[in-house]
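Protein chains in written order, with the working numbering: chain A, 25 to 215; chain B, 25 to 215.
All C-beta atoms, glycine included, are put in the ideal place defined by N, C-alpha and C.
Number of protein chains: 2
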Amino acid sequence: MPFSGMPDFLIQVPEGDSRERRVCATCGYVDYQNPKVVVGSVVSQDGRVLLCRRAIEPRRGFWTLPAGYLELGETVEEGARREAFEEAEADIAIDGILAVYSISRIGQVQVIFRALFADPEHPSFTPGPESAEVALFAWEDIPWHQIAFPSVHWALAAWRAAQGRALAAPAGNPPLDPRGVAPLRAEVGGL
Amino acid sequence: MPFSGMPDFLIQVPEGDSRERRVCATCGYVDYQNPKVVVGSVVSQDGRVLLCRRAIEPRRGFWTLPAGYLELGETVEEGARREAFEEAEADIAIDGILAVYSISRIGQVQVIFRALFADPEHPSFTPGPESAEVALFAWEDIPWHQIAFPSVHWALAAWRAAQGRALAAPAGNPPLDPRGVAPLRAEVGGL
Chain A
25 MPFSGMPDFL IQVPEGDSRE RRVCATCGYV DYQNPKVVVG SVVSQDGRVL LCRRAIEPRR
85 GFWTLPAGYL ELGETVEEGA RREAFEEAEA DIAIDGILAV YSISRIGQVQ VIFRALFADP
145 EHPSFTPGPE SAEVALFAWE DIPWHQIAFP SVHWALAAWR AAQGRALAAP AGNPPLDPRG
205 VAPLRAEVGG L
Chain B
25 MPFSGMPDFL IQVPEGDSRE RRVCATCGYV DYQNPKVVVG SVVSQDGRVL LCRRAIEPRR
85 GFWTLPAGYL ELGETVEEGA RREAFEEAEA DIAIDGILAV YSISRIGQVQ VIFRALFADP
145 EHPSFTPGPE SAEVALFAWE DIPWHQIAFP SVHWALAAWR AAQGRALAAP AGNPPLDPRG
205 VAPLRAEVGG L
């Protein structure tokens, strides 16, 4: 079915809320909109970093990191691994959290990891459907004038600055506390 | 207007997508759902940590950190400061990123900061509308059996483990790269 238009939303503050939200004029459905999480990785091999040349808009033809929107049901590191596979068919191993960038004007939070190839003896990569080309670049060979997004510059600089330094690991779905506190689903709607 | 029901959504894979999404049967609107970001802080003063006793469900009466959903237009650290003010009327200064927790089964990514009071000489706090009580606890006095959510345990343990250690700062809307690359709004839909 083609997208034929937007539902008829009103801008209202729902009961018990303090902010304006989009509310359907017909049924009262509250369309909560929150920032989205982008997950990505600086994947390196022998000091060279993996970049993907975009085959799609925006910034088609420019180089970027394997990165994209986190999906429901994924941890941040699962999402970063999926994106590396989708965009570069690379099987990566997350090493730690390199940076957290807020790009508030467009409602994004980017969680960027440092990663290696899962099998560093046989690093393998090839363009996925959204990439025209995938390559490993030595630092001095990075195509700085053909980088797709500012945050790619920031992440590469953060990677360079963190070389030789241990990074914190992300924590994903840790087990229940031995004290036997509330089940994880108590988190729903909470905090 | 009361919430009188859900729009009539079909589950379909939109053109150019690879996942099933909710699509309005009437107008074709694609209701993308992604994980939400929770931001919160372990705020401390002289080794004691700030906890809030919940005045609302879920887990009413249990203790939690000041934390909540990131809103559009906020950086992660702005969101964490807002939540500390809303829940404890505390003006805090973010010190660094303590942890990133994925709770994928409920579609949450939690970014938890270490923080101090903005004016440590005169720390001030009082319950906001969602808190019944707010207090500073020495480690051995924390009400471990009355903690609201598992991630509060994890964050407190991470805070304890990170004592005396420098943490990475979050980066929020860094300025454009001096090389003059694409404007930030090129990030929209990208990566």
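For residue 103 (chain B), the enclosing alpha helix (DSSP H) begins and ends at 100–112.
In the three-state reduction of the DSSP assignment, residue 148 (chain A) falls in the coil class, being assigned neither a helical nor a strand state. In the DSSP annotation of this structure, the continuous segment of the alpha helix (DSSP H) that includes residue 175 (chain B) starts and ends at 174–185.
For residue 164 (chain A), the three-state secondary structure derived from DSSP is helix. Closest in C-alpha terms to residue 102 (chain B), from the list B:87, B:85 and B:120, comes B:120. Three or more Cβ pairs closer than 8 Å define a contact, and the stretch 82–91 of chain B meets that threshold against the stretch 158–172 of chain B. The contact set of residue 116 (chain B) on chain A, defined by CB atoms closer than 9 Å, is empty, because the minimum CB distance reaches about 16 Å. Look at residue 36 (chain A) here: in three-state DSSP terms it is strand. Contact holds between the stretch 120–136 of chain A and the stretch 53–60 of chain A, because three or more Cβ pairs, one in each stretch, are under 8 Å apart.
Cβ proximity to chain B below 7 Å picks out 83, 88, 91, 92, 93, 94, 95, 96, 97 and 98 from the stretch 83–98 of chain A. When 7 Å is used as the limit between beta carbons, residue 187 (chain A) is near no residue of chain B, the shortest such separation being about 14 Å. Annotation: residue 152 (chain B) has no Cβ neighbours in chain A at a cutoff of 9 Å; minimum Cβ distance is about 11 Å. Along the stretch 124–142 of chain B, the positions whose C-beta sits under 7 Å from a C-beta of chain A are 124, 125, 126, 127, 128, 129, 130, 131, 132, 133 and 135, read in chain order.
In terms of Cβ geometry, residue 79 (chain B) and residue 122 (chain B) do not form a close pair [threshold 8 Å]. Taking 8 Å as the CB threshold, residue 59 (chain B) lines the interface with chain A. By DSSP's assignment, residue 127 (chain B) forms a beta bridge with B:132. A Cβ-Cβ separation of about 7 Å places residue 140 (chain A) in contact with residue 116 (chain A) under the 8 Å criterion.
In this structure residue 160 (chain A) is in contact with residue 74 (chain A), their Cβ atoms being roughly 6 Å apart against a cut-off of 8 Å. In the three-state reduction of the DSSP assignment, residue 57 (chain B) falls in the coil class, being assigned neither a helical nor a strand state.
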